[in-house]
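Residue numbers (this note's numbering), protein chains in the order written: chain A, 74 to 399; chain B, 177 to 570.
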Amino acid sequence: MDFELSADQVALQDGVRNFCEGRFTIDTVRRLEASGGIDRGLWTELAEMGVFSLRLPEDDGGVGLGWADAVLAFEELGRALVPGPLVWTQLAAGLVPGAATGETIVGGLDRDGEVALVEFPGAIDVLLVLDEHGAFRVDPRSVVLRSIDAPLDPLTPVAEVAGLLPRGDQLLDAEGATALRWQGAALTAGYLLGVSEASTDLAVAYSRERVQFDRPIAAFQALKHLMADMLVRTEVARGAVYAAGVTLDDPSVGSVERAVGSAKLTAAEAALGNTKTSVQIHGGMGYTWEVDAHLHLKRAYALEPQFGSRDEWAERIAELLDALVA
Amino acid sequence: MDLRYSESENEFRKELREWLAEVLPALPAKPGPHAWDERRAYDTGWQRMLFDAGYAGINWPTAYGGRGASLTEQLIYLEETTRAGAPYVGVNFVGLLHAGPTIMTEASEEQKAAHLPRILRGEEVWCQGFSEPGAGSDLASLSCRAVRDGDEYVVTGQKIWTSFAQVADYCELLVRTDPSSKHKGITWLICPMGLPGMEVRPLRTIVGSSEFSEVFFDDVRVPVTQRVGDENDGWRIAMVTFSFERGTSFISDLVETDRTIGELVKLARRVTRRSATAWDDVALRREVGHLQAEMDALWAMTKRNLAQADRNGVPGVGGSVMKLYYSELLQRLTDVAMRVLGRAGLSREDVGGLESGAFVEERLRSTSFTIAAGSSQIQRNIIAERILGLPKDR
Chain A
74 MDFELSADQV ALQDGVRNFC EGRFTIDTVR RLEASGGIDR GLWTELAEMG VFSLRLPEDD
134 GGVGLGWADA VLAFEELGRA LVPGPLVWTQ LAAGLVPGAA TGETIVGGLD RDGEVALVEF
194 PGAIDVLLVL DEHGAFRVDP RSVVLRSIDA PLDPLTPVAE VAGLLPRGDQ LLDAEGATAL
254 RWQGAALTAG YLLGVSEAST DLAVAYSRER VQFDRPIAAF QALKHLMADM LVRTEVARGA
314 VYAAGVTLDD PSVGSVERAV GSAKLTAAEA ALGNTKTSVQ IHGGMGYTWE VDAHLHLKRA
374 YALEPQFGSR DEWAERIAEL LDALVA
Chain B
177 MDLRYSESEN EFRKELREWL AEVLPALPAK PGPHAWDERR AYDTGWQRML FDAGYAGINW
237 PTAYGGRGAS LTEQLIYLEE TTRAGAPYVG VNFVGLLHAG PTIMTEASEE QKAAHLPRIL
297 RGEEVWCQGF SEPGAGSDLA SLSCRAVRDG DEYVVTGQKI WTSFAQVADY CELLVRTDPS
357 SKHKGITWLI CPMGLPGMEV RPLRTIVGSS EFSEVFFDDV RVPVTQRVGD ENDGWRIAMV
417 TFSFERGTSF ISDLVETDRT IGELVKLARR VTRRSATAWD DVALRREVGH LQAEMDALWA
477 MTKRNLAQAD RNGVPGVGGS VMKLYYSELL QRLTDVAMRV LGRAGLSRED VGGLESGAFV
537 EERLRSTSFT IAAGSSQIQR NIIAERILGL PKDR
């Protein structure tokens, strides 16, 4: 057993981080609001980095890596707050032609509950729909949408499905759809882990610069403890997120469902806890549009309900526990 | 990243499991909490059995008679012994995990030969004389004085939170040898227990037990040959003690807490109010599921800490994070259990046909976890200053 990143995994992490620092600066990300969160050129660059194809076998034009590697890449995408239906397109690689190469942008929707919102409605080429019977490919142009001018997250535009959602072509059976949900939970957890880290870095940097009562506010114990808790939440989630990736790759090491549930739950907890704390540490500036703290907060809220909310996973893990306890 | 056990690790687990299955049923009954002589005999007897079977000093180097096990083997050892309900390290704790490793690193050859084999065989019990009434979180402010008089130190002062002082043979004792200096005025002594002028007074804790004692020193004469390292170098040596942490500290606790969550599920199925069981309440199920998800994350973090300690000698950011998070999680868990118990929680003995007493006991016991060995507030300072690099001003 050696639960630490391999040299190749460190190189992958560094590669994606450097790419994001160069191509997805926060100014670039903010500018994407004007184009519905996506720029086709940048999306192609993400594909060329291997963000969507990294799990595909090399014979199919992929990189031949696993879920453990994929969550590391998504952690870096989250750190940079890269917008777009990254998780759905990654899940669709190998399932929907063109997803791996970036030619086809794939969005998704889990049909559960009364509210059906489609994310990135202006940009997606394919909509993956999950329900209790399986996974279906739907042409987004065939869906009647009611546009929404004020999304929670300015970089996650949404539209509401008006009327019936077309059934589309079935790609996977119920079991396949369940697997996609678990995989999506792990990737989303990776992204949320990155958001947790980015919001901690932002708050720490601000607290060192901001002077009140003649000293940087970082010197005040009340704030230091808030920031210590940010690090703690991140590190607890990191263990769970990496374990989810490793367990998806090799289910012999544990329960996949429990591993991805623990990852999604703790990563959402870290992302929401940290992004709220970051706004608080920024004080009045944290309440402004200009400071990035709100972008982290809004992304965390936008991703929390995806692929199982904390409440849903907590309830599911209790069910699994119930079955285990004689 | 790899979470699979190797063939030799699986073999190690299998052998240990077989040995435990063979020896545990033959153990005598566990003595009561206040029967200190019997507790010493029980814990040191178990240590002797471990020694004879080659499991003593699982983390000690083979050069000192230990098993020299890898960190993954230590993980397996702690998992298996805890799951099988084997005796805890008990009165051997300070000798095996603090004083022994410190002696290995810092003491003279004579001192090593005098103590290490005896600790390993369960023939020598140690306690720790670090904290004082006036020196808790700020340990380096300790004031128990040692004045040199010829070949002896004359020690006067008081120690507190000394576990197993009633039955210990030696105390790893920090004394003030230079009052004009703080960190550089402390000396590390091997103090034999029972010297003239020493008095041990057990403290009654929140659970009513006498695990901890106060130890009073009134002109106690300790030979200078009992000093480890140089005079006034004791703070550094004490910090070496803390550096032995390799990320294994909470493994037994995690095993126990997983089991406690299972017991809580069983309890909640049995507790009935207004014709529904506590487990029928989705809010409770969510809380329990949430705690289990966090526990699973702590297991994963433990395995990361071990991997990092294996590579770098220290468990990375994990040590303080683990201590802080686990201790607070345990209190949240035992709080949930008290809520499920309701009025059954008024008794520390089982009532209403429920196995309720252990939960009440655990709720009380867990209050110490966020205080002992660096309070949660001290852990947050450490994380903020040493990991996040925030300024040291209070």
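Glycine residues also receive a C-beta, built at the ideal position from the N, C-alpha and C atoms.
Asked	Found
Look at A/Arg240 and A/Phe380 and say whether their C-beta atoms are less than 7 Å apart.	no
Could you tell me which of A/Lys349, A/Leu393, A/Pro289 and A/Asp365 sits nearest to A/Val329, measuring between CA atoms?	A/Leu393
Use the C-beta contact count for B/Gln304: other C-beta atoms within 10 angstroms, 16 or more gives buried, fewer gives exposed.	buried
Decide yes or no for the touch test of the segment 385-400 of chain B against the segment 413-426 of chain B: beta carbon pairs closer than 8 Å, at least 3 of them.	no
For B/Glu179, which of A/Lys349, A/Gly312, A/Gly346 and A/Arg383 has the nearest alpha-carbon?	Before going further, note that residue 179 of chain B is Leu rather than Glu in the sequence given. Cα-wise, what sits closest to B/Leu179 is A/Gly312.
May I ask which residues mark the beginning and end of the alpha helix (DSSP H) holding B/Ile547?	Taken as a continuous stretch (DSSP letters only), B/Ile547 belongs to no alpha helix (DSSP H), as it is neither H nor E.
Output the boundary residues of the alpha helix (DSSP H) element that contains A/Val319.	Gln294 to Asp322
Taking B/Thr332 as part of the beta strand (DSSP E), name the residues at either end of that continuous run.	Glu328 to Ser339
With DSSP run on the structure shown, which of helix, strand or coil describes A/Pro230?	coil
Can you give the beta carbon distance from B/Gly276 to B/Gln223, rounded, assuming they're within the 8 Å contact cut?	Not a contact, Cβ separation roughly 12 Å.
Does B/Gly384 pass the burial test, meaning 16 or more other C-beta atoms within 10 Å, or should it be called exposed?	exposed
Given a threshold of 16 other Cβ atoms within 10 Å of its Cβ, counted over all protein chains shown, does B/Tyr253 qualify as buried or as exposed?	buried
Going by Cα to Cα distance, which pick from A/Asn347, A/Ala316, A/Asp365 and A/Lys371 is closest to A/Ala141?	A/Ala316
The beta strand (DSSP E) with B/Tyr346 in it runs from where to where?	Tyr346 to Arg352
Hey, how far is the Cα of B/Arg189 from the Cα of A/Gly267?	36 Å
Mind pulling the chain A residues with CB within less than 8 Å of B/Val376?	Here the premise fails: no neighbours, minimum Cβ distance about 37 Å.
Would you say the segment 141-156 of chain A touches the segment 165-185 of chain A, given that touching needs at least three Cβ pairs under 8 Å?	no
Just the Cα atoms here: how many angstroms apart are B/Ala548 and B/Pro263?	22 Å
Quick one: which residues of the segment 147-162 of chain A get their C-beta closer than 7 Å to a C-beta of chain B? List them in chain order.	none
Secondary structure at B/Ala122, three-state DSSP: helix, strand or coil?	Because chain B is modelled from 177 through 570, residue 122 of chain B falls outside the range shown and cannot be assessed.
Rounded to whole angstroms, what is the Cα-Cα separation between B/Phe458 and A/Ala278?	First, the amino acid is wrong: residue 458 of chain B is Val here, not Phe. If you take the alpha carbons of B/Val458 and A/Ala278, they lie about 41 Å apart.
Measuring alpha carbon to alpha carbon, tell me which residue in A/Val217, A/Pro289, A/Leu370 and A/Leu265 is nearest A/Val160.	A/Leu265
Measure how close the beta-carbons of B/Gly495 and A/Glu388 come, nearest whole angstrom, since I'm counting them as under 8 Å.	The Cβ separation is near 33 Å, so there is no contact.
Taking C-beta pairs closer than 9 Å, name the residues in chain A that B/Val441 reaches, listed in chain order.	Ala391, Leu394, Asp395, Leu397 and Val398
Going by C-alpha distance, which of B/His359, B/Glu300, B/Leu365 and B/Gly310 is nearest B/Glu328?	B/Leu365
Does the segment 374-384 of chain B come within contact of the segment 426-436 of chain B, defined as at least 3 CB pairs closer than 8 Å?	no
Hey, does B/Pro567 have any beta-carbon neighbour from chain A nearer than 7 Å?	yes
Going along the chain, which residues of its own chain have a beta-carbon closer than 6 Å to the beta-carbon of B/Val270, five neighbours each way excluded?	Trp302, Cys303 and Gln304
Counting only Cβ pairs nearer than 8 Å, list the residues of chain A close to B/Lys479.	Met74, Phe76, Gly312 and Ala316
Kindly confirm or deny that the segment 224-232 of chain A and the segment 186-195 of chain A touch, where touching means at least three C-beta pairs closer than 8 Å.	yes
How is the alpha helix (DSSP H) around B/Pro138 delimited, first residue to last?	Outside the modelled stretch of chain B, which goes from 177 to 570, sits residue 138 of chain B, for which no answer is possible.
Note down, in chain order, every chain B residue with its Cβ under 8 Å from the Cβ of A/Met300.	Ala560, Leu564 and Leu566
Cα-Cα, which of A/Thr261, A/Leu368, A/Ala80 and A/Ser335 is closest to A/Leu225?	A/Leu368
So which residues on chain A does B/Asp178 lean against when the C-beta distance must stay under 8 Å?	Met74, Asp75, Phe76 and Val319
Around the C-beta of A/Pro213, are 16 or more other C-beta atoms found within 10 angstroms, so that it is buried, or is it exposed?	buried
What does the alpha-carbon distance come out to for the pair B/Thr166 and A/Ala262?	Any property of residue 166 of chain B remains undetermined from this structure, which presents chain B solely from 177 to 570.
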